[in-house]
Amino acid sequence: MGSRTDGRHADRQPPRIVAAPFALTVIVAPELLGGALGWSISAIALLSLATLIAAAFHYRGTTRFAESGGLALGVLALTGWTLLAAVPLPCGLVRRLSPAAARHAEEIAAALGGAARCTLSYDPGNTLNETVKLAAVGALVLTGWLLARSGHRRFVLACAAASGGVMAVVALAHGAMQLDAVFGAYVPKYVERRLLLAPIVNGNQLGGFLTLTLPAALVLAVKATGSLERATWWSAAFVMALATTLTLSRGAYASLFVGTALLAFLLLRHRKRQKHAPLRTQHRLVSGLGVLAIAGGIAAGVFAANDSVSEELGSGGLSKLELAAQGLRLGLDHPYVGVGRGGFSSAFVRVRGDTKRYVYPENFVAEWASEWGVIVALGLLLVLAVALGRAAWTTPSRTRIAAIACIVAVLVHDLFDFTLELLGPAVVAGALLGAALAPSGREPTTPPRLFTTFPRAGVTLAWSFVVAGALLLGLLSASVPSRDVNALQATLERNFTSGERDAFRTTLERAVRLHPAEPVFALLGGAEAARHGDPRAGLWLVRAMRLAPEWAAPHIEAARALFATGRRDQALLDIREAVRRDLPHARGTLCTFIGELGNLEAVERAAPDGPARFTYLDAVARCEGLPLELTHDIDVEILKSPNPHPAQRDARMREARRATFLKHPEEAVALLKPAAIASPTDVDMQAAYARALLAAKLSTDADAVVARALRTNPDAPELLRMHARTRAALNDREGMLTAISALRGRTGVHGEALAETMVLLADLEQQLGNRHQALVALEEANSYNATPDTVARIAR
Numbered sequence: 075m076g077s078r079t080d081g082r083h084a085d086r087q088p089p090r091i092v093a094a095p096f097a098l099t100v101i102v103a104p105e106l107l108g109g110a111l112g113w114s115i116s117a118i119a120l121l122s123l124a125t126l127i128a129a130a131f132h133y134r135g136t137t138r139f140a141e142s143g144g145l146a147l148g149v150l151a152l153t154g155w156t157l158l159a160a161v162p163l164p165c166g167l168v169r170r171l172s173p174a175a176a177r178h179a180e181e182i183a184a185a186l187g188g189a190a191r192c193t194l195s196y197d198p199g200n201t202l203n204e205t206v207k208l209a210a211v212g213a214l215v216l217t218g219w220l221l222a223r224s225g226h227r228r229f230v231l232a233c234a235a236a237s238g239g240v241m242a243v244v245a246l247a248h249g250a251m252q253l254d255a256v257f258g259a260y261v262p263k264y265v266e267r268r269l270l271l272a273p274i275v276n277g278n279q280l281g282g283f284l285t286l287t288l289p290a291a292l293v294l295a296v297k298a299t300g301s302l303e304r305a306t307w308w309s310a311a312f313v314m315a316l317a318t319t320l321t322l323s324r325g326a327y328a329s330l331f332v333g334t335a336l337l338a339f340l341l342l343r344h345r346k347r348q349k350h351a352p353l354r355t356q357h358r359l360v361s362g363l364g365v366l367a368i369a370g371g372i373a374a375g376v377f378a379a380n381d382s383v384s385e386e387l388g389s390g391g392l393s394k395l396e397l398a399a400q401g402l403r404l405g406l407d408h409p410y411v412g413v414g415r416g417g418f419s420s421a422f423v424r425v426r427g428d429t430k431r432y433v434y435p436e437n438f439v440a441e442w443a444s445e446w447g448v449i450v451a452l453g454l455l456l457v458l459a460v461a462l463g464r465a466a467w468t469t470p471s472r473t474r475i476a477a478i479a480c481i482v483a484v485l486v487h488d489l490f491d492f493t494l495e496l497l498g499p500a501v502v503a504g505a506l507l508g509a510a511l512a513p514s515g516r517e518p519t520t521p522p523r524l525f526t527t528f529p530r531a532g533v534t535l536a537w538s539f540v541v542a543g544a545l546l547l548g549l550l551s552a553s554v555p556s557r558d559v560n561a562l563q564a565t566l567e568r569n570f571t572s573g574e575r576d577a578f579r580t581t582l583e584r585a586v587r588l589h590p591a592e593p594v595f596a597l598l599g600g601a602e603a604a605r606h607g608d609p610r611a612g613l614w615l616v617r618a619m620r621l622a623p624e625w626a627a628p629h630i631e632a633a634r635a636l637f638a639t640g641r642r643d644q645a646l647l648d649i650r651e652a653v654r655r656d657l658p659h660a661r662g663t664l665c666t667f668i669g670e671l672g673n674l675e676a677v678e679r680a681a682p683d684g685p686a687r688f689t690y691l692d693a694v695a696r697c698e699g700l701p702l703e704l705t706h707d708i709d710v711e712i713l714k715s716p717n718p719h720p721a722q723r724d725a726r727m728r729e730a731r732r733a734t735f736l737k738h739p740e741e742a743v744a745l746l747k748p749a750a751i752a753s754p755t756d757v758d759m760q761a762a763y764a765r766a767l768l769a770a771k772l773s774t775d776a777d778a779v780v781a782r783a784l785r786t787n788p789d790a791p792e793l794l795r796m797h798a799r800t801r802a803a804l805n806d807r808e809g810m811l812t813a814i815s816a817l818r819g820r821t822g823v824h825g826e827a828l829a830e831t832m833v834l835l836a837d838l839e840q841q842l843g844n845r846h847q848a849l850v851a852l853e854e855a856n857s858y859n860a861t862p863d864t865v866a867r868i869a870r
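Under my numbering, think of the first position of the sequence shown as 75, with each following residue one higher.
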């Protein structure tokens, strides 16, 4: 164990009992998928809490330990406030402070039986998990503070910079090798792969983490005493800048600029205050800023992905600002206690008014205000702003300046994203925050300073609670995966699919007690109850409708249950509500209902009002297996509209096909001619019109229509097919073969598409009386893609 000197001078080396777990946590935590999954949260939390206990043991009884009492008390207070929201309280008190949270708990109790477990949090299960995460971050804040105050701030920065450098190298390696699985084991489910792939799978969050650690690498290069050490940190800065550019994150670009600009400003200001510094130090400062490293990294990234970077910088939109504004409004609706940490998603599903789920508001101010309450959020922001601002303006320490720049950079990023909501990056930020708050050995620690001197009895009490809480939360962290919403949902879906009712109901009861405002559990409960004819199906589905009023799924499940029990009029009303919210999602069930009922009255009963009615009718008309008369009636209704509507285009083409099928091609021509003239660039309409003309034996007119259309769309496969047909109809075999050749050129090497082209050629050769050439074409089609139909035609 290292020295436990009580003075203000640094120990020669950081104590191994603290340094080893600290370095392991800071470097490894982001690599554990950033703490995105339950098991990784548990692992990171246990590492962090073990680090804190080691630090408390080593520094006990020292002046530095006493000076940390205020910070320990602050961490303890914030963690306790977070945990309080998940603790069952008297329902009368909860009704006064958070009426909606009390109502959710009471409704769950009524559905399951037993007493209500009222909590201030909308989602006590997630709040417990967030408490574990906050305790882990707080552990690194305290440990980072103790190390920095003991003269080891450079070690803290080195661990953070190494963590960022490792992440950048891993991301670039995965990108260079075009890997689709992180470390060959984990395939991201909810994130679209872009240029890079890393354990932090979201590019925006990856960029935020890299810009969090980049200033640390730059200052370490400034302070390096040897050329190898300096080259190492410059290289780390280069790969971090390169990887940041390739994340294609606008928030990361802003964070990179702000972090490095603030670092440069504060270091230059610090340099001016050191009037007698030697010239060599000045040169190190200028070179160590890493201008070449950052510029080189950005330039390399832009060169490697020029089009993607330009597209990202050119894309606009205010969706994130709107989301943040709505998150702030949610906070204003719950100013005193918020909705509980982790409760944003469940509470926000009613606010946003659409089917997309938002787990975070993607703005840390809105996040804190909505989940902790406006009062706590403003207080925390004020404390951080004063502490960091005072430190930045007065500190003589360049490493402390770097830590401050790191924190400011990630906070700027998290005005537009949520890197700090991932535990892996958050513990690194916590360590840097501790280093930023800790005064250097040359700075006095007078009582007015924040987070410094505190009465010894209070220190002992605060740290006793911190360590005891760490042990308790360490035990709690082991059960994080069992409280995860996604894990519980997956278990319920497996039980539902396999028909294990007892297991399903046990898991459902646990899920809704942990997450009472989560609509997906009410939806699954309703669907399972409806499958078994359980009368509680209605209760669960109505609850899902109330929790997520813009979701179509609860109405679809209700419609299925009503239809199965013969209440078909009510089922049509519910499917209408589903159609109004999400027609593509509701269409499968809608087609089943209409196919069974088979009349226009049922179609009209489920139709929404307004312009959406015609989109709905068009969707119904495309249902497979409907009676020909019914689809005709639907298309007639669409075509009756005096106002033009996009649905009329498809209705005309369907009516034309129907007329051709019934041997009335002249009606098809009359239907399509006005639309074809009005839409000369509509490939499908021109092809349909030419097809109708061919059916009406107007081959010359059909060929003229196709020729005009090909002038504006020369590579359209459907037009090339029609061109081959019209030339064959005009007995122009050479023109037909030219069209087929052009079509083959557009097909490429896809076997199935080539086979379809050769089957078309066989049909046209047969039409021209060329039986041998038709057989040759069929044999070639069979070589590309053998089908029973092709084989049978060859045999004949």
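Yeah, the Cβ is synthetic: ideal placement off N, Cα and C, and Gly gets one too.
Original post:
What span of residues does the alpha helix (DSSP H) with Lys207 cover, start to end?
Top reply: 198 to 221
Original post:
Taking Ala183 as the reference, which of Ala652, Arg696, Leu582 has the closest Cα?
Top reply: Taking only the C-alpha atoms, the option nearest Ala183 is Leu582.
**OP:** Leaving out five residues on either side along the sequence, give the residues of the same chain with a beta carbon under 7 Å from the beta carbon of Glu436.
**Re:** Lys394, Leu397, Ala398, Phe490, Asp491, Phe492
Original post:
With distances taken from CA atoms, which of Ala798, Gln279, Leu340 is nearest Leu322?
Top reply: Nearest option by C-alpha distance: Gln279.
Original post:
What residues are listed by DSSP as bridge partners for Val874?
Top reply: For residue 874 there is no data in the structure shown, the boundaries of the chain being 75 and 870.
**OP:** Give the single residue among Leu320, Ser224, Pro682, Val293 whose Cα lies nearest to the Cα of His344.
**Re:** Val293
Original post:
In three-state terms, what does DSSP make of Asn569?
Top reply: It is helical.
**OP:** Just list the beta strand (DSSP E) runs in the region 755 to 803, keeping only unbroken ones of 3 residues or longer that don't cross its boundaries, in chain order.
**Re:** none
Subject >> Span of the alpha helix (DSSP H) around Phe96 >> reply: 90 to 102
Subject >> Gly612, enclosing alpha helix (DSSP H) - first and last residue >> reply: 611 to 621
Subject >> Closest by C-alpha distance to Ala798, when choosing among Ala816, Arg785, Cys165, Ser114 >> reply: Ala816
**OP:** Given a cut-off of 8 Å, decide if Ala676 and Tyr690 are closer than it, judged by their beta-carbon atoms.
**Re:** Result no, Cβ atoms of Tyr690 and Ala676 do not sit closer than 8 Å.
Subject >> alpha helix (DSSP H) segment containing Thr861, residue limits >> reply: Counting along the chain, Thr861 falls outside any alpha helix (DSSP H), and DSSP gives it neither H nor E.
**OP:** Consult DSSP for Ser323 and reduce its assignment to one of helix, strand or coil.
**Re:** coil
Original post:
What first and last residue would you give for the alpha helix (DSSP H) that runs through Ala742?
Top reply: 739 to 752
Subject >> Thr520 to Gly412 span [Cα, whole Å] >> reply: With a pLDDT of 44 at Thr520, under the threshold of 50, the modelled position of this residue cannot be trusted; read the value that follows with caution. Computed Cα separation, rounded: 35 Å.
**OP:** Report the option in Cys165, Thr137, Phe331, Leu214 whose CA atom is closest to the CA atom of Leu98.
**Re:** From the listed residues Cys165, Thr137, Phe331, Leu214, the smallest Cα separation to Leu98 is found for Leu214.
**OP:** Would you tell me roughly how many angstroms separate the C-alpha atoms of Val559 and Pro623, rounded to the nearest one?
**Re:** 20 Å
Original post:
Where Leu455 and Ala298 are concerned, what is the direct C-alpha to C-alpha distance, given to the nearest angstrom?
Top reply: 34 Å
**OP:** Identify every run of the alpha helix (DSSP H) within the region 289 to 340, keeping only runs that are complete inside it and at least 4 residues long; order them along the chain.
**Re:** 301 to 320
Original post:
Alpha carbon to alpha carbon, what distance is there between Ile708 and Ala725?
Top reply: Those two C-alpha atoms are separated by around 9 Å.
Original post:
To the nearest angstrom, how far is it from the Cα of His41 to the Cα of Trp625?
Top reply: The question about residue 41 has no answer, for the chain in this structure spans 75 to 870.
**OP:** Would you mind stating whether Val592 and Ser420 have Cβ atoms separated by less than 8 Å?
**Re:** Per the sequence shown, residue 592 should be read as Glu rather than Val. Against a cut-off of 8 Å, the Cβ pair of Ser420 and Glu592 comes out as a contact.
Original post:
How would you label Asn380, buried or exposed, when you count the other beta carbons within 10 angstroms and need 16 or more for buried?
Top reply: Bear in mind that a pLDDT of 45 at Asn380, under 50, signals an unreliable position, so the number given afterwards is only what the model happens to contain. Counting Cβ neighbours within 10 Å, Asn380 comes out exposed, since fewer than 16 surround it.
**OP:** Helix, strand or coil for Ala176, going by three-state DSSP, please let me know.
**Re:** helix
Subject >> alpha helix (DSSP H) segment containing Trp625, residue limits >> reply: Looking at the DSSP string, Trp625 is not in any alpha helix (DSSP H), and its letter there is neither H nor E.
Original post:
Helix or strand or just coil, what does DSSP make of Glu574?
Top reply: coil
Original post:
Just the Cα atoms here: how many angstroms apart are Leu506 and Ser224?
Top reply: 15 Å
**OP:** Tell me whether the beta-carbon of Arg191 lies closer than 8 Å to the beta-carbon of Pro162.
**Re:** yes
Subject >> Which of helix, strand or coil DSSP assigns to Lys714 >> reply: coil
Original post:
If you scan the region 634 to 675 from start to end, which runs of the beta strand (DSSP E) of 3 or more residues do you find wholly inside it?
Top reply: none
Original post:
If you draw a straight line from the C-alpha of Val871 to the C-alpha of Tyr260, how long is it?
Top reply: Since the first residue of the chain shown is 75 and the last is 870, residue 871 is not available in this structure.
**OP:** Taking Ala769 and Thr734 to be in contact with their CB atoms under 8 Å, please state how far apart those CB atoms are, rounded to whole angstroms.
**Re:** 5 Å
**OP:** Please list the segments of the alpha helix (DSSP H) lying wholly inside the region 120 to 201, counting only runs of 4 or more residues, in order along the chain.
**Re:** 137 to 141, 143 to 158, 165 to 171, 173 to 186
**OP:** Provide the residue span of the alpha helix (DSSP H) that contains Phe735, from first to last.
**Re:** 721 to 735
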